[in-house]
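Below you'll find the structure, written out as structure tokens, and then a few comments.
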Amino acid sequence: MSPLFDALRRRLGWDPSFATLDPHGQRGVRLRGHREYVGGHWEEIGQLQFDFLVARGLRPEHYLLDIACGALRLGVKAIPYLEPGHYLGIEKERSLIRAGLERELPPGLRQEKRPRLLHDGNFRVWRLRQPVDVAIAQSLFTHLPPRLIGRCLARLRPWLQPEGVFYATFHEVAEARPNPGAPHDHGYFAYTRAQMEAFGREQGYEPEYIGDWHHPRGQVMVAYRPGR
Ligand SMILES: C[S@@+](CC[C@H](N)C(=O)[O-])C[C@H]1O[C@@H](n2cnc3c(N)ncnc32)[C@H](O)[C@@H]1O
33 MSPLFDALRR RLGWDPSFAT LDPHGQRGVR LRGHREYVGG HWEEIGQLQF
83 DFLVARGLRP EHYLLDIACG ALRLGVKAIP YLEPGHYLGI EKERSLIRAG
133 LERELPPGLR QEKRPRLLHD GNFRVWRLRQ PVDVAIAQSL FTHLPPRLIG
183 RCLARLRPWL QPEGVFYATF HEVAEARPNP GAPHDHGYFA YTRAQMEAFG
233 REQGYEPEYI GDWHHPRGQV MVAYRPGR
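Just so you know, we're using the numbering used here here: the sequence shown kicks off at 33 and counts up by one.
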């Protein structure tokens, strides 16, 4: 591949391995529907995330940030549990946020619990103006190259409370492998435990490898806490 073509395709965010994938973005959501777009297993993965967070100490008075919240698969469980205004979500696909609010959240709950949902594809957490106790990115780093994982970690860091924690899932491989250079919601990106730990340390976190948390597709979990 010529260097010029390579530079152009990087700029456009396209990777040859994407040629066989369903489209992502709004077209992809229309094609697959919001539940399938975020990976299916709707009820199971929603409950799994919620139970995991509560078992790890999530309380109603905490502020929870759901990074790449999709169509509120976790939100429909967490919003009723948390105090009003304490569920925060950030998501790049507006149509997923809309589907979550209009088709998944039981009527009345939006007014009662006032979830705060930010349409943003660049992790501009500061736009929420709210320090958070717990953050989670379920099946986000499974679709991102390292530079965007780093950006997500870096932008969250100033908004995570000193005692806060950020949980992130990833596809684990034993040895580092080449991943696509650009993000894709249906692309496959996998990292070693050491890579995931290093991404956190580079942004001032102390990583804790959690590993298996019973995800139906075998994604594993890592926790990042602000370094002292
Ligand atoms: C596999 S889905 C998981 C969604 C959600 N965490 C869940 O468990 O239902 C991945 C989500 O990441 C979102 N996403 C990907 N890149 C993003 C970015 N840069 N900023 C915000 N959301 C992003 C996608 O739009 C999609 O909703």
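Virtual Cβ for every residue (Gly too), placed ideally from N, Cα, C. Computed from a predicted structure; not experimentally measured.
_Quick check on the DSSP output: the alpha helix (DSSP H) that includes Gln-162 runs from which residue to which?_
Taken as a continuous stretch (DSSP letters only), Gln-162 belongs to no alpha helix (DSSP H), as it is neither H nor E.
Please classify Gly-250 as buried or exposed, where buried requires at least 16 other C-beta atoms within 10 Å of its C-beta. Looking at its Cβ environment, which holds fewer than 16 other Cβ atoms inside 10 Å, Gly-250 is exposed.
message: I need the boundaries of the beta strand (DSSP E) containing His-56, first residue and last residue.
response: In this chain, His-56 is not harboured by any beta strand (DSSP E), its DSSP state being neither H nor E.
In this structure, does DSSP put Tyr-256 in helix, strand or coil?
-> Strand, per DSSP.
If you compare alpha carbons, which of His-203, Leu-128, Trp-158, Arg-91 is closest to Leu-104?
-> Of the listed residues, the one whose Cα sits closest to Leu-104 is Leu-128.
Less than 7 Å between the C-beta atoms of Ala-255 and Val-197, yes or no? For the pair Ala-255 and Val-197, the CB atoms are nearer than the 7 Å cut-off.
task: Tell me, please, which residues DSSP counts as bridged to Val-197.
output: Paired residue(s): Val-166.
On the criterion of 16 or more Cβ atoms from any shown chain inside 10 Å, does Leu-90 qualify as buried, or is it exposed?
By the 10 Å Cβ count, Leu-90 comes out buried.
- Query: Roughly how many angstroms separate the alpha carbons of Phe-231 and Glu-238, rounded to a whole number?
  - Reply: C-alpha separation (whole angstroms): 10 Å.
Anyone know if the C-beta pair for Leu-114 and Pro-139 falls short of 7 Å?
-> The answer is no: Cβ separation not under 7 Å.
Straight-line Cα distance separating His-218 from Leu-176
Leu-176 and His-218: Cα-Cα distance of roughly 10 Å.
| query | Assuming Gln-235 and Ala-186 make a contact with CB atoms under 8 Å, what is their CB distance in whole Å? | reply | 5 Å between Cβ atoms; contact.
Checklist entry - Is Gly-79 near ligand 1, judged by its Cβ being under 6 Å from some heavy atom? => result Reading off the sequence, residue 79 comes out as Gln, not Gly. Taking 6 Å as the cut-off, one finds no heavy atom of ligand 1 near enough to the beta carbon of Gln-79.
Go through its chain and collect everything with a Cβ distance to Arg-88's Cβ below 6 Å, but skip five positions before and after it. In its own chain, leaving out the 5 sequence neighbours on each side, no residue places its CB closer than 6 Å to the CB of Arg-88.
Kindly examine ligand 1 and report whether one of its heavy atoms sits closer than 6 Å to the Cβ of Val-70. Yes - ligand 1 has a heavy atom lying nearer than 6 Å to the Cβ of Val-70.
Can at least three beta-carbon pairs, one atom from the segment 48-68 and one from the segment 138-153, be found at a separation below 8 Å?
At 8 Å Cβ cutoff, the stretches do not touch.
Practice prompt. Mind checking who Leu-97 pairs with in its DSSP beta bridge?
Written response: For Leu-97, which the question treats as bridged, DSSP gives the partners Leu-120, Ala-167.
Exercise for review: Measure from the C-beta of Ser-127 to each C-beta in chain D and report whether the shortest distance is under 7 Å.
Suggested key: Among the chains of the structure shown, chain D does not appear; only one protein chain is present.
On the criterion of 16 or more Cβ atoms from any shown chain inside 10 Å, does Ala-208 qualify as buried, or is it exposed? It counts as exposed.
#### Entry: Residues of its chain near Arg-183, where Cβ-Cβ distance is below 7 Å and the 5 sequence neighbours each way are ignored
Around Arg-183, the same chain offers Phe-155 as residues with beta carbons nearer than 7 Å, after the five sequence neighbours per side are excluded.
Cβ neighbours of Val-157 in the same chain (closer than 6 Å, five flanking residues each side left out): So the list reads Arg-187, Leu-188, Trp-191, once near-sequence residues are dropped.
request  = Throw me the rounded Cβ distance for the Gln-193 and Asp-152 pair, which I believe falls under 8 Å.
outcome  = Actually they do not touch by this definition, with Cβ atoms about 21 Å apart.
Notebook entry, point to check: Is it the case that the CB of Gly-28 approaches a heavy atom of ligand 1 more closely than 6 Å?
Noted result: Residue 28 lies beyond the stretch modelled for the chain, which goes from 33 to 260, so this question has no answer here.
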